[in-house]
Amino acid sequence: MLSVFIVIVCAANLQFCIASIGNSSINQNYTTRTVPPTNHRRIIVVGWIHKPPYLYAVPNTTQPSGMGEEMALRFLHSCGATFVDSHQASSEFEMINLLRKKKIDVAAPIFEPTSDRHYSEFHFIKTSDYPGTVYISIENGDVVLNAVLDAWPLVAFNLVLAAIAGIFIWALDTYWNPEEFNRPFLKGSWDGFWWSFISMTTVGYGDKVPKSVVALFGDIDGAIQALKAHEVDGIMLDRFTASFYQKQDKLKALITVKTMQFQRDSGFLVSKSRASFANCLDYVRPNIYQFGLSLANSFKLIPQKPEKTASVFDDRFTKLKHVFHISLGVLSALLLIGILWESVCYKKRQKKSKAKQDLDNLGFKEKKEIFEELEEGRRALQRAQEQLEKLHAKFQQ
Numbered sequence: 289m290l291s292v293f294i295v296i297v298c299a300a301n302l303q304f305c306i307a308s309i310g311n312s313s314i315n316q317n318y319t320t321r322t323v324p325p326t327n328h329r330r331i332i333v334v335g336w337i338h339k340p341p342y343l344y345a346v347p348n349t350t351q352p353s354g355m356g357e358e359m360a361l362r363f364l365h366s367c368g369a370t371f372v373d374s375h376q377a378s379s380e381f382e383m384i385n386l387l388r389k390k391k392i393d394v395a396a397p398i399f400e401p402t403s404d405r406h407y408s409e410f411h412f413i414k415t416s417d418y419p420g421t422v423y424i425s426i427e428n429g430d431v432v433l434n435a436v437l438d439a440w441p442l443v444a445f446n447l448v449l450a451a452i453a454g455i456f457i458w459a460l461d462t463y464w465n466p467e468e469f470n471r472p473f474l475k476g477s478w479d480g481f482w483w484s485f486i487s488m489t490t491v492g493y494g495d496k497v498p499k500s501v502v503a504l505f506g507d508i509d510g511a512i513q514a515l516k517a518h519e520v521d522g523i524m525l526d527r528f529t530a531s532f533y534q535k536q537d538k539l540k541a542l543i544t545v546k547t548m549q550f551q552r553d554s555g556f557l558v559s560k561s562r563a564s565f566a567n568c569l570d571y572v573r574p575n576i577y578q579f580g581l582s583l584a585n586s587f588k589l590i591p592q593k594p595e596k597t598a599s600v601f602d603d604r605f606t607k608l609k610h611v612f613h614i615s616l617g618v619l620s621a622l623l624l625i626g627i628l629w630e631s632v633c634y635k636k637r638q639k640k641s642k643a644k645q646d647l648d649n650l651g652f653k654e655k656k657e658i659f660e661e662l663e664e665g666r667r668a669l670q671r672a673q674e675q676l677e678k679l680h681a682k683f684q685q
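Sequential numbering from 289 applies to the sequence shown in this note's numbering.
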């Protein structure tokens with residue numbers, strides 16, 4: 289739980305309060321809208337995940353620190369909120385579920401695509417432009433990422449790898465998570481491919497998440513240590529996050545290979561139930577954005593080695609073709625094994641179904657024979673009764 293912050297807010301006049309944190313540029317650069325009075329509940333519960341430097345845990349305290357905390361103190365309070373509580377979630381998926389269940393009012397940090405919002409069910413407040421993602425490696429002598437980003441072979445290669453990863457994640461997770469990764473191979477491998485492809489191309493929708501122990505890696509510190517130990521070939525970090533760890537001297541002996549720009553916005557989500565509060569934040573959006581830019585200026589990543597130019601069609605990288613062919617072979621083998629395994633399971637199910645059907649048919653046949661015998665006995669009794677009636681009639685005569 290966060291320590292209680294008691295803030296004196298301007299309740300009499302909300303627009304005067306907003307103007308006190310802004311500047312005259314609002315009226316010039318932003319269309320003024322009428323903000324509802326601050327009659328909404330002022331206790332704001334903020335859900336957050338460990339994502340330095342946006343928000344991160346501080347040792348020996350439950351209060352988060354970072355860029356998000358500075359914005360919260362400046363703007364959330366100014367819109368009539370008393371920031372009294374917070375909840376640290378283990379993942380974005382958990383944080384969004386808490387927001388949907390209205391257990392929290394604000395979720396941060398969130399990285400949304402600029403065109404197609406993943407979480408359109410909530411109010412999104414932009415705080416800054418996404419700084420880009422950097423690919424960091426221990427050495428870049430064989431790295432061709434700089435060239436293949438714009439080359440068509442990368443698409444096919446990534447799709448093959450995504451399919452392979454999808455089959456593996458299905459095999460690893462279907463036992464613990466059959467609802468999201470179905471047991472049948474064809475349907476389950478498609479679920480795995482979808483998870484792999486979405487996780488590769490975006491930050492993930494959050495509709496599928498691995499739950500088995502072998503599917504989880506750890507935190508950023510663990511990823512950096514794995515890179516230094518040559519357990520992985522590279523890691524991808526937000527530029528602000530990379531700058532944060534660079535200032536802590538945790539990226540020594542590592543190389544910044546490539547910077548990738550994605551069309552995303554950084555910000556936080558506000559629950560629809562707090563619409564008036566979201567309107568207030570939307571009103572001061574220019575101030576929030578300017579404040580975010582001032583904070584972002586303190587996080588400058590210093591490239592630790594000049595980037596090298598490489599071409600996917602260069603003779604030096606003919607190994608890529610061999611890797612691609614091997615990947616196709618692995619994918620074909622996995623698909624063949626999966627289909628054969630599904631066929632064996634299907635035949636077993638068919639045998640069980642046939643045996644059960646034969647047993648049911650046998651029982652039905654026996655019931656039919658018993659019924660016929662009963663009918664024959666009933667007819668014999670009926671004939672005997674008729675004979676007795678005739679004898680009785682003769683006796684009376």
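Ideal placement from N, C-alpha and C gives every residue a C-beta, glycine not left out.
| Asked | Found |
| --- | --- |
| Over the uninterrupted alpha helix (DSSP H) stretch that includes D393, give me the two end residues. | Neither: D393 is in no alpha helix (DSSP H) and is coded neither H nor E. |
| Let me confirm a value: D461 is counted as buried when at least 16 other C-beta atoms fall within 10 Å, else exposed. Which label applies? | buried |
| Using beta-carbon positions only, say whether F399 and S586 come within less than 7 Å of one another. | no |
| Using CA coordinates, which residue listed in Y342, S531, K389 and L623 is at the minimum distance from V422? | S531 |
| For C367 versus F565, is the C-beta distance shorter than 7 Å? | yes |
| Once DSSP output is grouped into helix, strand and coil, what is the label at V611? | helix |
| Using the Cα positions of L515 and C568, report the straight-line distance between them to the nearest angstrom. | 44 Å |
| Could you tell me which of F456, P401, D526 and K560 sits nearest to G420, measuring between CA atoms? | D526 |
| In the structure shown, what three-state DSSP assignment does P574 receive? | helix |
| Helix, strand or coil for D507, going by three-state DSSP, please let me know. | coil |
| Based on the DSSP output, what are the partners of H375 in its beta bridges? | G335 |
| If I'm right that D570 touches I332 with Cβ under 8 Å, what's the distance once you round it to whole angstroms? | About 16 Å; that fails the 8 Å criterion. |
| Can you look up T415 in the DSSP assignment and give me helix, strand or coil? | strand |
| Does DSSP classify T320 as helix, strand or coil? | Any reading at T320 needs caution, since the residue's pLDDT is 39, under 50, leaving its predicted position unreliable; the model's value is listed next. T320 falls in the coil class under three-state DSSP. |
| What did DSSP end up calling Y407 once you bin it into helix, strand or coil? | coil |
| So which of E657, S379, R362 and L539 has the shortest CA-CA distance to I424? | L539 |
| Check the C-beta distance from K426 over to L542 and give it rounded, since I have them as a contact under 8 Å. | Before going on, a small fix: residue 426 reads as Ile here, not Lys. The Cβ separation is near 6 Å, so the contact holds. |
| For N348, count the other beta carbons within 10 Å of its own beta carbon; 16 or more makes it buried, fewer makes it exposed. Which is it? | exposed |
| Given this structure, state the Cα-to-Cα distance separating M548 from M524, to the nearest angstrom. | 10 Å |
| If I follow the unbroken beta strand (DSSP E) through L423, where does it start and stop? | Reading the sequence as shown, one finds Tyr at residue 423 and not Leu. Its beta strand (DSSP E) spans residues T421 to S425. |
| K678 by DSSP, collapsed to three states: which one? | helix |
| Which complete beta strand (DSSP E) runs does the region 503 to 558 hold, if anything under 3 residues is left out? | 522 to 526, 543 to 548 and 552 to 558 |
| Let me know if P352 comes out buried or exposed under the rule of 16 or more other beta-carbons within 10 Å of its beta-carbon. | buried |
| Can you tell me the Cα-Cα spacing of Y533 and K475, whole angstroms? | 41 Å |
| Could you give the residue range of the alpha helix (DSSP H) that holds G354? | Neither: G354 is in no alpha helix (DSSP H) and is coded neither H nor E. |
| For M289, I'd like the list of residues in its chain whose CB is within less than 8 Å of its CB, leaving aside the five on either flank, ordered along the chain. | Below a pLDDT of 50, predicted positions are generally treated as unreliable, and M289, at 32, falls in that range; the measurement from the model is reported next regardless. T350, D373 and S374. |
| Are the beta-carbon atoms belonging to A450 and S477 less than 7 Å from one another? | no |
| Who are the near neighbours of E630 in its chain, counting only those whose CB is closer than 6 Å to its CB and skipping five residues on each side? | F473 |
| Taking only the alpha-carbon atoms, compute the straight-line gap between Y404 and K560 and give it to the nearest angstrom. | Per the sequence shown, residue 404 should be read as Asp rather than Tyr. Their Cα atoms are separated by approximately 18 Å. |
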